[in-house]
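A.B. asks: Taking the numbering used here, the leading residue of the sequence shown gets -13, the next gets one more, and so forth.
This is the structure I want to talk about, given as structure tokens.
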Amino acid sequence: MHCSFCGKTRSEVRKLISGPNVYICDECVGLCDEIIGVDEQPVARGYPKPSAMLEALDRYVIGQSTAKRVLSVAVYNHYKRISYRPRPGDVELAKGNILLIGPTGCGKTLLAQTLAKKLDVPFAMADATTLTEAGYVGEDVESVVKALYHAADGDPDRAAHGIICIDEVDKLACRGSGPSMSRDVSGEGVQQALLKLLEGRKATITPEGARNRPQQELIQVDTRNVLFILTGAFNGIEELVSTRIGAQGVGFGATVDRRLDDANELRAMVGHEDLQRFGLIPEFMGRIPVVISCDELDEDALVKILWEPKNALVRQYQRLLSLDGVNLEVKEGAMRAMASEAFRRRSGARGLRSIIEEVMLDVMYELPSLDDVVECVLHADCIEKREPPRLVRKKAS
């Protein structure tokens, strides 16, 4: 007897396995196993590497350097898991849903949107405050899957590899032991309803969401490979961390910069224990292994947000005015004043848009009717004293 593949005899190998008119030795079996293993690599072929994701995030999101690196690795690992095809006995890779924690306007949802665009996968946003338990008035949790299905242009297979971002998930907290000490039973019910979606199951939806139409076609979307990115401000969680580690309270007698640094440092130490004390149930947290903290943006970061990103606010308004044949010049002092006002309001990057909208409203109303204006200049007094922007007119010929 000899191996039908390598020709070695029974005495030259450890084992010789027989089949119908064929034999294979243990060495050839091992070689086949190695070949199969090589063919499976790399499992994440076709998806951007973490460095490429970070580069894309840097083009659109200012600051949050640590959060961007952690998020890039977590998302890359998620899509490696999707591509992974384990053989019997191999290690199984658990799903890695993500929770982003940070104050309003720090860029949490922008991070998720930018990654989805870079990955070219369907993306759906949902507001946790609009979700309800089954049987209550409002959107049930499967509505978020329906939104993803529509974002995938009605392709359930493409939707099954998309990203769902659920914002304001902190509003679902059952505050029995959190800062407000008020229990939100409906919030706990929504957490319970989300468990199966986060873990992964086939969600049944109707294209138009009309469950009460018997003739309506039912669509199934498998959420086992859908990446859920949950976001929330979690106001007051810093105090829970401070209590846990025995640190002094945040903010008393400290400068603004010191208070900001203290809050950011405490937020970076948030763990599952703190989130459960805040009001997220253990079963819910068990399905969100990756927790990433985002820093509150200081004035310098807010100034950069106005000008540096690819879709920066100032660039957008310059483009809008150019469509009317007007050049927009925004002085550095004006950008600094807008950043200072947004920081004072604690509204972050989101507040910058509100401020520039307030300042530019009258000008953008009048400019289309003014044929002789060639330039609009925004200076610091436009923000600090609410003076109108300076309009530069054509020189008389």
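Cβ coordinates follow ideal geometry from the N, Cα and C atoms, glycine included.
#1: Check whether the Cβ atoms of residue 314 and residue 328 sit closer than 7 Å, and answer yes or no.
#2: For the beta strand (DSSP E) containing residue 110, list its first residue and its last residue.
#3: List the whole-angstrom C-beta distance separating residue 335 from residue 93, where the pair is believed to meet the contact cut-off of C-beta under 8 Å.
#4: Using only the alpha-carbon positions, how far apart do residue 267 and residue 160 sit?
#5: Pull up the CB-CB distance for residue 134 and residue 127, whole angstroms please, since I reckon it's below 8 Å.
#6: Which class does residue 52 belong to by DSSP, given the choice of helix, strand or coil?
#7: Quick one: what's got a C-beta closer than 6 Å to residue 370's C-beta in the same chain, skipping five residues either side?
#8: Determine the DSSP secondary structure at residue 5, reduced to helix, strand or coil.
#9: How far does the alpha helix (DSSP H) with residue 274 in it extend, from its first residue to its last?
#10: Of all the alpha helix (DSSP H) runs that stay within the bounds of the segment 130 to 155, which reach a length of 4 or more residues?
#11: Going by C-alpha to C-alpha distance, which of 192, 255, 86 and 273 sits closest to residue 179?
#12: Quick check on DSSP: helix, strand or coil for residue 367?
#13: Can you give the Cα-Cα distance for residue 384 and residue 203, rounded to whole angstroms?
#14: Are the segment 139 to 150 and the segment 96 to 112 in contact at 8 Å, needing three or more beta carbon pairs?
#15: If you follow the alpha helix (DSSP H) that residue 299 is in, where does it begin and where does it stop?
#16: Would you identify the three-state DSSP class for residue 205, choosing helix, strand or coil?
#17: Considering only C-alpha positions, which residue in the set 0, 76 and 377 is nearest to residue 356?
#18: In terms of residues, what are the limits of the alpha helix (DSSP H) holding residue 336?
#19: Return the CA-CA distance between residue 182 and residue 50, expressed in angstroms with no decimal places.
#20: Quick one: grab the DSSP three-state call for residue 117.
#21: Please identify the residue among 186, 326, 229 and 381 whose C-alpha is closest to the C-alpha of residue 287.
#22: Is residue 176 closer than 7 Å to residue 150 when the C-beta atoms are compared?
#23: Hey, how far is the Cα of residue 87 from the Cα of residue 13?
#24: By Cβ distance below 8 Å, which residues in the same chain neighbour residue 76 in space, the five residues on each side in sequence not counted?
#25: Between residue 34 and chain B, is the shortest Cβ-Cβ distance under 7 Å, so that the two count as touching?
#26: For the segment 52 to 60 against the segment 276 to 286, do three or more pairs of beta-carbon atoms, one drawn from each stretch, fall closer than 8 Å, so that the two count as touching?
#27: Bridge partners of residue 188, per DSSP?
#28: Using a threshold of 7 Å, state whether the C-beta atoms of residue 102 and residue 157 are closer than that.
#29: Cutting at 8 Å between CB atoms, please list the residues of its own chain near residue -1, excluding the five before and the five after it.
#30: Under 8 Å by Cβ, that's how I've got residue 191 and residue 207 pegged, so tell me the actual separation to the nearest angstrom.
#31: For residue 96 versus residue 47, is the C-beta distance shorter than 7 Å?
#32: Using only CA atoms, which one of 89, 82, 185 and 205 lies nearest to residue 136?
#33: Which same chain residues, not among the five before or five after residue 210, have their C-beta less than 6 Å away from its C-beta?
#34: With DSSP as the reference, label residue 127 as helix, strand or coil.
#35: Closest by CA to residue 341, which one among 35, 321 and 382?
C.D. replies: According to the structure shown:
#1: no
#2: 109 to 113
#3: 6 Å
#4: 8 Å
#5: In fact, because the Cβ distance is near 12 Å, the residues do not count as touching under 8 Å.
#6: helix
#7: 323
#8: strand
#9: Here residue 274 belongs to no alpha helix (DSSP H), and DSSP marks it neither H nor E.
#10: 142 to 145
#11: 273
#12: helix
#13: Here the chain has residues from -13 to 383 only, and residue 384 is not among them.
#14: yes
#15: 299 to 308
#16: strand
#17: 377
#18: 334 to 352
#19: 31 Å
#20: strand
#21: 326
#22: no
#23: 52 Å
#24: none
#25: The chain labelled as chain B is not found in the depicted structure, where only one protein chain is given.
#26: yes
#27: 208
#28: no
#29: -11, 11, 12 and 13
#30: 6 Å
#31: yes
#32: 205
#33: 186
#34: coil
#35: 321
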